[in-house]
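Worksheet: the structure to be examined is printed underneath.
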Amino acid sequence: MAMRGPRLEFAVGAFLLLTLASLLVLAVASTNQRWGFGSSQYTLTARFSQIGQLRAQAPVKIGGVTIGKVSDISLDPTKFDSVVTLSLDNKYKDLPADTSAGIFTSGLLGESYIGLQPGGDPETLKPGEEIGFTQPAVDLLQLVGKYMFSGGGSGGSNAPAATDGQAPPPAPPASPSTEPHHQ
0 MAMRGPRLEF AVGAFLLLTL ASLLVLAVAS TNQRWGFGSS QYTLTARFSQ
50 IGQLRAQAPV KIGGVTIGKV SDISLDPTKF DSVVTLSLDN KYKDLPADTS
100 AGIFTSGLLG ESYIGLQPGG DPETLKPGEE IGFTQPAVDL LQLVGKYMFS
150 GGGSGGSNAP AATDGQAPPP APPASPSTEP HHQ
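Numbering (numbering that gives the first Met the number 0), first residue to last: 0 to 182.
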């Protein structure tokens, strides 16, 4: 016997509510990545002269382990440096004050990320402080171009000089001939 009337309406309504609740849970979980709604994070900033392909949401790593993400990238209008805001997990809040930050790439053409190298200072960085030691991104295409157009790494100064289309002069003999001359 088929279900009709109020029972069917209740079942459809309950199914729709469960579906909407599941979608809401998925949306919150995918944007915050944790249920604390950001309360377990703190921020640090770092200035870079060149950020390459670094983007917001890029990972922040120490020793290859992700400890946070890039939450914002802006330009300082007075110094014209890129100011990168890092959102880090609270369990890593005791980073030494002399921690350094660099922009690296995963593999040859992989994603850019911030790599932190903790120092040995007993003082720690407080939330909102700036990391004082930074290393800008390396432009791999520029390095490859420089390598290709500088003689392919053969030490450009040892390369033969241009001869305006003429053949180079013959090289002198390696050692004088010891054979007697025949007449």
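Don't be surprised by glycine CBs; every beta carbon is placed ideally from N, CA and C.
Check                                                                                                                 : Outcome
Burial state of G37 (16 or more Cβ within 10 Å)                                                                       : With a pLDDT of 49 at G37, under the threshold of 50, the modelled position of that residue is not reliable, and no figure is offered here.
Pairwise C-alpha distance: L108 and Y91                                                                               : 29 Å
Buried/exposed call for T98, threshold 16 Cβ in 10 Å                                                                  : buried
C-beta atoms of R46 and V69 nearer than 8 Å                                                                           : no
Those runs of the beta strand (DSSP E) which lie wholly inside the segment 75-109 and span at least 3 residues        : 81-88, 99-104
Residue from L15, L94, K145 with nearest C-alpha to P121                                                              : L94
Own chain partners of Q134 with C-beta closer than 6 Å, once the 5 adjacent residues on each side are dropped         : G101
Supposed contact pair I66 and A55 - C-beta distance, whole angstroms, cut 8 Å                                         : Not quite, the Cβ-Cβ distance comes to about 17 Å (not below 8 Å), so this is no contact.
Sequence-distant residues of its chain with Cβ nearer than 8 Å to S48 (five each side left out)                       : D80, S81, P135
Where the beta strand (DSSP E) containing A45 begins and where it ends                                                : 40-47
Given A57 as reference, the closest of R6, L7, F103 once Cα atoms are compared                                        : F103
6 Å Cβ shell around L142 - same chain, five flanking residues per side excluded                                       : none
Delimiting residues of the beta strand (DSSP E) encompassing S111                                                     : 111-116
Neighbourhood of G114 by C-beta distance below 6 Å, restricted to the same chain and skipping five residues each side : K60, G101, F103
Enclosing beta strand (DSSP E) for K60 [first to last residue]                                                        : 58-61
Limits of the unbroken beta strand (DSSP E) element including Q134                                                    : 132-134
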